[in-house]
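Okay, so here's the structure we're looking at.
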Amino acid sequence: MRATELLARDHRAVRDLFLRFARTPLDDASGRQDLFDTIVEELDLHAQAEEEVFYPAVREASRRIHDAESGHAHLRAVIREVKTHEPASSEFTAGVRLIKQIVLSHVMEEEGGIFLDAERMGTPELERIGAQLAERKEALAKSVRRAA
Amino acid sequence: MAMNPFDERGIPLERQIRTWKQVVLPPYRKQDVDAFTRCRIILMNGIEMEAAVFSHGFARACDDPDLKGQLAALRRVEHQQQNTVNWLNPADQSVLETTIGYEQVAIELTAYLARTEPDEYVKQAFEFGLLEDFDHLYRYSQLLDLIHGKDPNEILQGRTDVLPARPTQDHHNDPFLRVLSHYEKTRAHPRSKVNVLTLMAGEQQTMNFYKTVGNFYGSPEARQLYAEISNVEEEHVTQYESLMDPTETWLEKWVMHEFTEVANYYTCMETEVDPRIKKIWEIFLACELEHLRIAGETLQRLQGKEPQEICGTELPTPATFESNREYVTRVIKEQSNLRLVAGGKWARMEELPEDWPSFAYQRVVHEQGAPSETVVRLRMEAAGVELVRAEDADLEAGAGEHRVSSLDPDPAANTAPATYAELEPVEREVEPGERGEERLVNPVEDPTWPAAAAGARKSGRKGKER
Chain A
6 MRATELLARD HRAVRDLFLR FARTPLDDAS GRQDLFDTIV EELDLHAQAE EEVFYPAVRE
66 ASRRIHDAES GHAHLRAVIR EVKTHEPASS EFTAGVRLIK QIVLSHVMEE EGGIFLDAER
126 MGTPELERIG AQLAERKEAL AKSVRRAA
Chain B
2 MAMNPFDERG IPLERQIRTW KQVVLPPYRK QDVDAFTRCR IILMNGIEME AAVFSHGFAR
62 ACDDPDLKGQ LAALRRVEHQ QQNTVNWLNP ADQSVLETTI GYEQVAIELT AYLARTEPDE
122 YVKQAFEFGL LEDFDHLYRY SQLLDLIHGK DPNEILQGRT DVLPARPTQD HHNDPFLRVL
182 SHYEKTRAHP RSKVNVLTLM AGEQQTMNFY KTVGNFYGSP EARQLYAEIS NVEEEHVTQY
242 ESLMDPTETW LEKWVMHEFT EVANYYTCME TEVDPRIKKI WEIFLACELE HLRIAGETLQ
302 RLQGKEPQEI CGTELPTPAT FESNREYVTR VIKEQSNLRL VAGGKWARME ELPEDWPSFA
362 YQRVVHEQGA PSETVVRLRM EAAGVELVRA EDADLEAGAG EHRVSSLDPD PAANTAPATY
422 AELEPVEREV EPGERGEERL VNPVEDPTWP AAAAGARKSG RKGKER
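The listed protein sequences derive, respectively, from chains A and B.
Under the numbering used here, the first residue of the first sequence is numbered 6, with each subsequent residue one higher.
Under the numbering used here, the first residue of the second sequence is numbered 2, with each subsequent residue one higher.
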């Protein structure tokens, strides 16, 4: 699969998780916490694989990588802050909403920018990067599961 | 002028909504408005138009309902602002009079921005566009005289010369040539970013205006001139937008738009001579300060960047309208023979290759003549001379010669000669009647018309055989 398609699937998956979070009642603290943990884990895996495989591979083709990397750094800082709040608190709700907004903004820039730049590299190259990306994501997921 | 917009407080958004009566204010009187007040009004309408166009584009790419809502909230206010600004133009100002105002904006704005532009490449792009808008003013002025019998100085108030520069028939280019090289967002001076956005907004509104109102005239020559020049304005939008760094994020662009609006309203407020209109600029500046704060706060929240990283803290003064006559004259003399070539560059006319790509397009669109030449010919036929208005007597006397010598090697067949003496009569599609009583123009006001029309109906022909 092309790297851009793989990453776009991740984007859609995390968007669905945010929707599920919004539908989870406020008094379901453990449900909110579980979903939040899943969102954070998905974002972590996605961002790390992007930084280790995708961004280095497309850096030559796109001048937008620096912005994307600093976007990841900003997202991680906000996630750290949100983690300090109780799942039933209004700060937590506002925090998840902010994370969602940051992710949506990042997705808009990436899909409308870096992905289009990367298309110039051609399908065979994007498929090669896609295979590396899938492999790296799988390895990262395994190590997260082992740690848990 | 040193004002840090991030230190200023604006009007809270919820208090920016006004009643319809507050939105639609009495227009200025065209007989006594200051020419540069009219310029500021025309420009700020263009700035607000771009704000709306950009914000809708952003919303269409955006999947975040909260952000879409925020954009819509600002658009609603800016819509009212634009109504107020644009409708300061009075109903009795004709389309052509307003057009002369639009070209005065294009010339004086472009010249001021070029004079103050820190980036040499951007400056060259501005100077190139300047000579085209300058020539448009000259062409429309022929039409204003022909249709309304008015002197362009009734609008320009002697602050802008009316002279040919790079002939309009040569402004039509291969689209790829209009795509210039862009600045780099992290290296460009904020003033360059504001200058480019301001000029792009102004040209875009000029294109929209001509495209919308060119059909308000019945004369085919007038309609064709609007068609030709609006097409050049389309090229100008291409040219100026290509100077912007495409990797600016949507949020960065949003901040730049609001910053540019602040800078322009601030300049208008500082330089306005009409106290009533100055108050309008002041209120809208206060609105825009809040819009900038909201955009900046959103950028910080969603991308972790400070707005000052994008636009700095010192306001440029783009909407400065002042005399640029000396500067413009120098550019006319030095650059009328410049043309666009591949790679975002320029070359002298005599250096153009035979297969210069713009020739192909020009041959097609000018096959039946260039409207921008027709209006000059018509004015020469009507008055014996083309209409020029220059402070410098030499420039005025040499205008026809300059116009012809600035043509590229493949001029339109109807190109007007330098002087009336060289003019050959144009062959008309309708021939005059044998006894010379047939009219070439609409005969509706002719008292003999009903009889003539009845005769025409009887014979089934309009003309010669009766």
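By construction, the Cβ of each residue, glycine as well, lies at the ideal position given by its N, Cα and C atoms.
- Beta-bridge partners of B/R349 (DSSP): B/L339.
- Annotated three-state conformation of B/V238 is helix, per DSSP.
- Rounded to whole angstroms, the Cβ separation of B/T169 and B/I230 is 7 Å, and the two are in contact under 8 Å.
- When C-beta distances to chain A are compared with 8 Å, the residues of the segment 62 to 77 of chain B below that value are A62, C63, D64, D65, D67, L68, in chain order.
- Residues H292, L293, A296 of the same chain have their beta carbon placed closer than 6 Å to that of B/E259, with the five preceding and five following residues left out of the count.
- By the rule that beta-carbons nearer than 8 Å mark a contact, B/G58 does not touch chain A.
- In the assembly as shown, A/L31 is an exposed residue. Its beta-carbon has fewer than 16 other beta-carbons within 10 Å.
- Remark: C-beta atoms of B/H183 and B/P247 approach each other more closely than 8 Å.
- The DSSP assignment places complete alpha helix (DSSP H) segments of no fewer than 4 residues inside the segment 40 to 80 of chain A at 60 to 63, in order along the chain.
- Contacts with chain B at 8 Å (Cβ-Cβ) do not include A/D15.
- With respect to the 8 Å criterion, B/I108 and B/F135 are classified as neighbours on the basis of their beta carbons.
- Every alpha helix (DSSP H) of 4 residues or more that sits fully in the segment 89 to 141 of chain A is shown, in chain order, as 95 to 114, 120 to 124.
- Here B/R390 carries a strand assignment [DSSP, helix/strand/coil].
- Within chain B, D65, D67, L68, R302, L303 have C-beta atoms less than 8 Å from the C-beta of A/Q106, given in sequence order.
- Taking a contact to require three or more Cβ pairs closer than 8 Å, the segment 359 to 377 of chain B and the segment 196 to 210 of chain B do not qualify as touching.
- Pairing A/R17 with A/G135 gives a Cβ-Cβ distance that is not under 8 Å.
- B/D8 counts as exposed, since fewer than 16 other C-beta atoms from the protein chains shown sit within 10 angstroms of its C-beta.
- Under the 8 Å criterion on CB atoms, A/R68 is classed as interfacial with respect to chain B.
- For a cut-off of 8 Å, the C-beta gap from A/V83 to A/L103 is around 6 Å, short enough to register as a contact.
- Judged by their CB atoms, B/F322 and B/C40 are nearer to each other than the 8 Å cut-off.
- DSSP places B/W21 inside the alpha helix (DSSP H), whose first and last residues are 21 to 24.
- In chain order, Q81, N84, T85 place their CB closer than 6 Å to the CB of B/V24, counting only its own chain and leaving out the 5 sequence neighbours on each side.
- CA-CA distance, A/H111 to A/L11, rounds to 16 Å.
- Per DSSP, the continuous alpha helix (DSSP H) segment holding B/N46 begins and ends at 36 to 62.
- One finds S110, M113, E114, G117 in chain A with Cβ atoms closer than 9 Å to the Cβ of B/W251, taken in chain order.
- For B/A112, the enclosing alpha helix (DSSP H) has its first and last residue at 96 to 117.
- A straight line joining the alpha-carbon of A/D72 with that of B/P319 spans about 29 Å.
- Classified as exposed, B/W21 has fewer than 16 neighbouring CB atoms from the shown chains inside 10 Å of its CB.
- Here B/V163 carries a strand assignment [DSSP, helix/strand/coil].
- Secondary structure at B/T321: coil, using DSSP grouped into helix, strand and coil.
- Straight-line measurement puts the Cα of A/R69 at about 12 Å from the Cα of B/W251.
- CA-CA distance, B/E51 to A/T98, rounds to 36 Å.
- Taking a Cβ-Cβ cut-off of 8 Å, the neighbours of A/D72 in chain B comprise T248, T250, Q304, given in sequence order.
- For A/G100, no chain B residue has a C-beta closer than 8 Å to its own C-beta; the minimum C-beta separation is roughly 12 Å.
- Each residue's CA atom was taken as its position, placing A/V58 and A/Q38 some 30 Å apart.
- Scanning B/A398, B/F285, B/L226, B/R364 for the CA closest to the CA of B/L138 turns up B/L226.
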